[in-house]
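These notes are about the structure you will find just below.
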Ligand code: ADP
Ligand code: ZN
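Residue numbers (the numbering used here): 3 to 438.
Here you go:
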């Protein structure tokens, strides 16, 4: 039988032992950063903290936060903690929000990152007998490199497709018998759609699972992808600042992602008061890298909104779990004063209306009033006994959106295939207000 864990000792470690490990690593990391990163040392001095104040994870709260603004200030080398000659790799954010962030890796950093991804591949049922099709973009983006490296670690046969050329993806999938697909969830949905358009069914391919991440996706979208490709779809989370994908990964329970807390300490804070919130509270996710050498960010504010849980998991792993992020605080739209996450809209569309995951949210401002429109592609599945025509459908959709969000959206049903498909991170929101 295939191994269930990549690193059982760590993944199933007793909490007290894990906390001891984290404490030792944190103390060492704080000294490393203090000694080698003048930018962070200055931040610590401003807060009146020195490495002597940090005796273990119970003192984590004393350290200053780092934010995206710090990364911009310190760009490109200001947060580097090792000589550049010790670095072997640079990766960069996809630039979804503003200026790109660059991150540096020593060989040990790359090994740690790939090891985290290997845990994710094994949790998704991967073994050395699998053929892993990596359809995340290759290049500066961490998606391709991360899954590629993890796949090598596990010993899988790795197919470095990168994203795009969807028919060729399916051709190779058939010819070479890919068993695990790795890409963004929106690209997985597109691959599923294309498979069916090519007159094929999941029986024509050998895929058994998929590892999808890099953008928010709902449970409803998971179900659609699983059905269209005939697989189990697992979530994976990460960000360039903390290495890339693999900071957290989903297990067979498919109810949140285990955080690799031997490398990353997670906290949830209130983004307004910066207060650390107890387990189970919803707030902003903050990570402290305790093993990274070249780019060790301490208390880095991700801006991703989610919840942590130590509830016992049926897979046997003891690593803390994070719920699917709702999105990042900067994805949150404020429309007519109301907070709106695209994922809330996705749930209504996919769950209650059987829409495809092809929708777009368009926000604009006329005078001083916000306008809010949701474009949804029509599909036959959206009609039922009670919903027989387009205007009834629009009315029903509109009513549910009001119920969930408390504000009214103009619903526009558009022709199938008229909303652009994504091969990477999907663009769900067009906010024209920002262009003014
Ligand atoms: P960019 O900020 O340019 O998108 P990255 O490629 O480093 O740069 O993306 C990291 C971000 O992607 C995370 O902070 C998070 O918002 C999002 N993300 C990554 N994985 C997931 C996931 N599984 N679910 C939801 N969001 C995710
Ligand atoms: Zn689990």
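Backbone N, C-alpha and C define an ideal beta-carbon position, used for all residues, glycine too.
Using a cutoff of 7 Å, the CB of residue 326 counts as near the ligand ADP, since one of the ligand's heavy atoms is closer than that. With a 10 Å radius around the Cβ and a threshold of 16 neighbouring Cβ atoms, residue 368 comes out exposed. Taking every protein chain shown into account, the CB of residue 434 has fewer than 16 other CB atoms within 10 angstroms, so this residue is exposed. Closest option to residue 68, judged by alpha-carbon separation, among 177, 357, 261, 271: 271.
Sorted by position in the chain, 253, 255, 315, 317, 319 make up the residues whose C-beta lies under 5 Å from a heavy atom of the ligand ZN. Taken in chain order, the whole alpha helix (DSSP H) runs of length 4 or more contained in the stretch 219 to 278 are 221 to 231.
The beta-bridge partner set that DSSP reports for residue 183 consists of 135, 212.
Look at residue 268: its beta carbon is at least 7 Å from all of the heavy atoms in the ligand ADP. Spatial neighbours of residue 38 in its own chain (CB-CB distance under 6 Å, excluding positions within 5 residues in sequence) are listed in chain order as 83. Counting other Cβ atoms within 10 Å of its Cβ, residue 427 reaches 16 or more and is therefore classed as buried. Apart from the 5 residues on each side of it in sequence, residue 302 sits with its Cβ closer than 6 Å to the Cβ of 68, 243, 289 in its chain, given in chain order. Per DSSP, the beta-bridge partners of residue 342 are 335. Beta-carbon to beta-carbon, residue 273 and residue 285 are separated by about 7 Å, close enough to satisfy the 8 Å threshold. DSSP places residue 118 inside the alpha helix (DSSP H), whose first and last residues are 109 to 125. Placement of the Cβ of residue 216 at a distance of less than 7 Å from at least one heavy atom of the ligand ADP is found. Set against 7 Å, the gap from the CB of residue 330 to the closest heavy atom of the ligand ADP is smaller.
For residue 37, the enclosing alpha helix (DSSP H) has its first and last residue at 17 to 38.
Closest in alpha carbon position to residue 110, among 298, 348, 326, 276, is 298.
The Cβ atoms of residue 327 and residue 307 sit closer than 8 Å to each other.
Using a Cβ distance threshold of 8 Å, residue 377 and residue 414 count as a contacting pair.
For residue 323, DSSP records a beta bridge to 260, 311. Under the criterion of beta carbons closer than 8 Å, residue 204 and residue 119 do not qualify as touching, at roughly 25 Å. Per DSSP, residue 174 is one residue of the alpha helix (DSSP H) stretching across 168 to 178. As far as DSSP is concerned, residue 203 takes part in no beta bridge.
Per DSSP, reduced to three states, the secondary structure at residue 380 is coil, with no helix or strand assignment.
Annotated as proximal: residue 35 and residue 300, with beta-carbon spacing under 8 Å.
Within the model, the alpha-carbon separation for residue 167 versus residue 194 is close to 13 Å.
The alpha helix (DSSP H) runs lying completely inside the stretch 358 to 424 and spanning 4 residues or more are 392 to 407, given in chain order. Residue pairing by DSSP places residue 302 opposite 68, 289 in a beta bridge. Apart from sequence neighbours up to five positions away, the residues of its chain that approach residue 208 with a beta-carbon distance below 7 Å are 179, 180, 181, ordered along the chain. In this chain, the beta strand (DSSP E) harbouring residue 94 covers 89 to 94. Your pair residue 94 and residue 142 checks out as a contact, with CB atoms roughly 4 Å apart and the cut at 8 Å.
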